[in-house]
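Written out below as structure tokens is the structure these notes cover.
Numbering (the UniProt record's numbering), first residue to last: 1 to 297.
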């Protein structure tokens, strides 16, 4: 399994600057957009949507697990439980893939997702690039065969708990090993829905149980500017779901925006020294900037 994953990563690194065509849509990494090969129509994607499509295309005809995709796309981010399915749905719309037929991006029950290679055109690799991939994969396989040391308990625990992380509404992704370890203790992170009087705003707090009780809830912090946010979202026919946590003196959050046409966008919103920052103003400005680039439904 590890050799397969590392092969995927090697392919991604080699092809990172090349153009990929999916169902007659060319991926343009400079714009994070799709450009139709015949009509020239441009469809912009969010940063994470673009990375997700690129990952699926470069590993066409390979079933990629949900955990692999989340780790590869949303590195070091808090990810809502619906982020991946929502992003997959948005990509199907973007590349003209029928959501029911799923001719291009297929959902493989209990396994993950697969991109149909028949609809994908990847540039030919040079002999040097092919050799690079072969050498890296062979080296990985050799390392696994020669290794006689049994897995340490931490790795077993990590692997076994990945399912728990995925069934929760958010996923932690650690910077050193790829995922954080959710411990089966009373201090394990809990997702708490906060109360806010707004039909367009939902807020979820990922609490570790070790946070200072004096730390204010984000819903309380946003209360003074809630009406202004509501008006902004209403003007664009959007709803907003925010997942956040506190890391020392830093507020880390992901904001998922959705419209009535099943479109979705994700915004990472982090604030250093949040105690001394105007979070209402900063969030409003970031949302306004993003929404002004989105065509109204």
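For glycine and all other residues, C-beta sits at the position ideal for the given N, C-alpha and C.
Determine the direct distance from the alpha carbon of residue 39 to that of residue 301, and round the result to whole angstroms. Because the chain here runs from 1 to 297, residue 301 falls outside it and cannot be looked at.
Should the region 71 to 83 be regarded as contacting the region 20 to 27, the criterion being three or more beta carbon pairs within less than 8 angstroms? no
**Report entry** Local conformation of residue 200 per DSSP, three classes
**Finding:** Counting from one through the chain shown, the residue named residue 200 turns up at place 200. In this structure, residue 200 counts as coil in the three-state DSSP scheme.
task = Counting only runs of 3+ residues fully inside the region 37 to 69, write out the beta strand (DSSP E) ranges in chain order.
result = 42 to 44
query: Among the residues of its own chain, which have a CB less than 6 angstroms from the CB of residue 115, if the five just before and after it don't count?
result: Sequence index remark: in the chain shown, residue 115 carries index 115 (1-based). Only 56, 57, 60, 105 meet the Cβ criterion.
| request: Compute the beta-carbon to beta-carbon distance between residue 200 and residue 240, rounded to the nearest angstrom, for a pair I have assumed lies under 8 angstroms. | output: Within the chain shown, the letter at position 200 stands for residue 200. Within the chain shown, the letter at position 240 stands for residue 240. The Cβ separation is near 6 angstroms, so the contact holds.
Which class does residue 116 belong to by DSSP, given the choice of helix, strand or coil? One-based indexing of the chain shown puts residue 116 at position 116. Three-state result, residue 116: coil.
Cβ neighbours of residue 88 in the same chain (closer than 8 angstroms, five flanking residues each side left out): As a working note, residue 88 is residue 88 in the chain shown. The residues are 52, 105, 107, 113.
Close beta carbons around residue 267, own chain, < 6 angstroms, minus the five adjacent residues each side:
As a working mapping, residue 267 is identified with position 267 in the chain shown. Correct list, in chain order: 255, 290.
task = Within 10 angstroms of the Cβ of residue 79, are there 16 or more other Cβ atoms? Answer buried if so, exposed if not.
result = On the chain shown, residue 79 is found 79 positions in, with the first residue counted as 1. So residue 79 counts as buried.
My assumption, with CB atoms under 8 angstroms, is that residue 276 sits in contact with residue 253. Please give the rounded CB distance.
On the chain shown, residue 276 is found 276 positions in, with the first residue counted as 1. On the chain shown, residue 253 is found 253 positions in, with the first residue counted as 1. The pair is not a contact, with the Cβ atoms about 17 angstroms apart (cut-off 8 angstroms).
Checklist entry - Roughly how far, in whole angstroms, is the beta-carbon of residue 338 from the beta-carbon of residue 32, given that I think they are within contact range, below 8 angstroms? => result Any property of residue 338 remains undetermined from this structure, which presents the chain solely from 1 to 297.
| field | Close beta carbons around residue 54, own chain, < 6 angstroms, minus the five adjacent residues each side | value | One-based indexing of the chain shown puts residue 54 at position 54. For residue 54, where only same-chain residues beyond five positions count, there are no Cβ hits under 6 angstroms.
message: Classify residue 250: buried if its beta carbon has 16 or more other beta carbons within 10 angstroms, exposed otherwise.
response: In the chain shown, counting from the first residue as 1, residue 250 sits at position 250. When all chains shown are included, residue 250 counts as exposed.
* In the DSSP assignment, what are the bridge partners of residue 192? -> Taking the first residue of the chain shown as position 1, residue 192 is located at position 192. Answer is 205.
ask   = With distances taken between CB atoms, is the gap from residue 205 to residue 218 smaller than 8 angstroms?
value = Numbered from its first residue, the chain shown carries residue 205 at position 205. Numbered from its first residue, the chain shown carries residue 218 at position 218. For residue 205 and residue 218, yes; Cβs fall inside 8 angstroms.
Discussion item. To the nearest angstrom, how far is the alpha carbon of residue 227 from that of residue 288?
Written reply: Here residue 227 refers to the residue found at position 227 when the chain shown is read from its first residue. Here residue 288 refers to the residue found at position 288 when the chain shown is read from its first residue. Approximately 14 angstroms, taken between the alpha carbons.
Original post:
Ordered along the chain, which non-local residues of its own chain (more than five positions away) have a Cβ less than 8 angstroms from that of residue 65?
Top reply: Residue 65 sits at position 65 when you count from the first residue of the chain shown. The residues are 111, 112.
Out of 35, 231, 198, which one is the CA nearest neighbour of residue 326? Absent from the structure is residue 326, since the part of the chain shown begins at 1 and ends at 297.
Based on DSSP bridge pairs, tell me the residues matched to residue 108. Reading the chain shown from its first residue, position 108 is the one you call residue 108. Answer is 112.
Q. Should residue 264 go down as buried or exposed, given a rule of 16 or more other Cβ atoms within 10 Å for buried?
A. Counting from 1 along the chain shown, the entry for residue 264 is found at position 264. By the 10 Å Cβ count, residue 264 comes out buried.
Candidates 76, 229, 122, 192: closest to residue 283 by CA position:
Within the chain shown, the letter at position 283 stands for residue 283. It is 229.
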